[in-house]
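These notes are about the structure you will find just below.
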Amino acid sequence: MESWVKVGAKDWRTILFTTLASLLHISNIYGSYVSVGLYNDYLKNAQNQTIVFNIHVPVRSLFK
Numbered sequence: 000m001e002s003w004v005k006v007g008a009k010d011w012r013t014i015l016f017t018t019l020a021s022l023l024h025i026s027n028i029y030g031s032y033v034s035v036g037l038y039n040d041y042l043k044n045a046q047n048q049t050i051v052f053n054i055h056v057p058v059r060s061l062f063k
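Residue numbers (numbering that gives the first Met the number 0): 0 to 63.
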């Protein structure tokens, strides 16, 4: 922001720093997106395993 105010939008330093800051910000957003996807997959898998386990337990106890 300081470079933008002091030397303007067309200076190479302003373009460079703005591009770097934008790339870092977009990378952070993408990393959060991927992390949430992995966490949701983990939760779905855990829920499915719990459901399958709870379905199978009563059936086993009936045939003892």
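Just so you know, even glycine gets a beta-carbon here, dropped at the ideal spot from N, CA and C. On a predicted model such as this, the values are computed, not experimentally measured, just so you know.
Which residues bound the alpha helix (DSSP H) around Lys5? Glu1 to Val6
Among residues of its own chain, excluding the 5 on either side of Phe16, which ones have a beta-carbon nearer than 8 Å to its beta-carbon? Ser2
Consult DSSP for Asp10 and reduce its assignment to one of helix, strand or coil. coil
Look at Arg12 and Val4 and say whether their C-beta atoms are less than 8 Å apart. no
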